[in-house]
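As numbered in the working numbering, the sequence shown has no gaps in its residue numbers, which increase by one up to the final residue, 275. For glycine and all other residues, C-beta sits at the position ideal for the given N, C-alpha and C. Values in this document were obtained by computation on a predicted structure and should not be read as measured data.
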Amino acid sequence: METSTSNSLASSSKSDFFYGWDLLYKTVDGIIDKKPDVMVVLAHFLLTKHYKFRCIGIGDDKTLNEDEEGSELLPDYWNSDNTKYSLRYVHNNVLYLLLGHITEDALILNLLDINTKNVSNICLTPESLVVEVKGNIYKIMPTANDIVQRFRNELCDPIFTGNSREVTTQTHVAPSPAPNSDPLRMSDPLRASEPIRPGSFMPHGFEPRPFGFPDIGRGDLDPLGRGSGNLYSFGPNPGLARFDPFGPIPPRGPGSIGPNPDHMRPPNWNPDYYM
């Protein structure tokens, strides 16, 4: 609402602020049968007297006809439902809905701007705020000033100051992880679509590694790791052995027995020959 309206509310004396309440309340006190009704009458008084709203009937119809004329009075059957309230208002050719829901121990009021879909809300406890339903404003509600201040701060002002929330459901979509992402890798793996960098070696049959090196020798360092096997592999894909120990030297030929002549002493060999 305009700043001037808020300032006028703040500067109004108690008697001036509630001027007109008695006349309004007399038009409905004969049909008030529960304490939440009093809270709704006070909200209606605040909207029509200090925010210049005009009531155009009951219901939750969200269409505004140009020929609808508003009133400062509450319409017929405004409290005929024992569980909820639905009042329609117009202000500056904009339609507003005042919706109330009675719970076990509270009254929840919402003010909805049909154009912007902004909505405000307030939760009240009529049983503790309303002492009785007959008498002047302070006999009915000893803390009427505090209640009005809450109406202004929580129900009315947020609609006009932009602090209300929209009547929409927004679904937050978490960003999906990047394809082939691995939080433990220091860089992205080399993909098949990427060209092999100059100087890199990629033998046939070896998978590309994260840093562009072939998978040679990795299994030797990690016998339990994946790869092309290791020195200890005995499966269908054994590793490439680094050393193949040879066995005894085969004989010189079929039927050969005895030592190798190259290992025998030469004829006339004297161990003291060089002494």
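Option nearest residue i by Cα separation, candidates the options
i    : options                  : result
N110 : E127, L87 and L129       : L87
I102 : D113, K117, C123 and N93 : C123
S128 : I56, T48, L46 and P36    : P36
Y85  : Y138, I108 and V94       : I108
D29  : N153, R152 and N136      : N136
T83  : N115, D61 and V40        : V40
V94  : H50, K62 and D81         : K62
V119 : H50, R265 and P158       : P158
F45  : D60, K34 and Y25         : Y25
F17  : D81, C156, T161 and Q149 : Q149
T116 : C156, F160, R265 and S80 : F160
S80  : K49, G100 and P267       : G100
R152 : D60, L64, R265 and Y51   : Y51
C156 : N65, E66 and K49         : K49
Backbone secondary structure at residue i - three-state DSSP
i    : result
I147 : helix
N153 : helix
K139 : helix
L24  : helix
S128 : helix
N268 : coil
Y19  : coil
Same chain, Cβ closer than 8 Å to residue i, neighbours up to 5 away in sequence not counted
i    : result
V38  : I32, P126, V130, V133, I140 and M141
Y77  : I58
L73  : L24, T27 and C55
D60  : S86, R88, L97 and L99
A144 : F18, L42, I137 and Y138
Residue range of the beta strand (DSSP E) that includes residue i
i    : result
L332 : The structure shown has nothing for residue 332, since the chain only spans 1 to 275.
D113 : L107 to D113
R88  : K84 to H91
Own chain, CB closer than 6 Å to residue i, minus 5 neighbours either side, in chain order
i    : result
L98  : L87 and L111
I56  : E68, G70, R88 and V90
F53  : L47, Y89 and H91
E154 : I122
I114 : K62 and L95
R265 : none
L64  : L95
E66  : none
K34  : none
7 Å CB neighbourhood of residue i in its chain, flanking five on each side removed
i    : result
P75  : C55, G57 and I58
I147 : L42, L129 and M141
D105 : T125 and E127
Y19  : none
W21  : F45 and I137
T169 : Residue confidence is low: T169 scores 38 on pLDDT, short of 50, so the model does not pin down where it sits. No coordinate-derived value is stated.
Any C-beta of chain D under 8 Å from that of residue i
i   : result
K35 : Absence of chain D from the displayed structure is noted, only one protein chain being present.
Can you check the region 32-63 for any alpha helix (DSSP H) of at least 4 residues that lies completely inside it and give the ranges in chain order? 35-45
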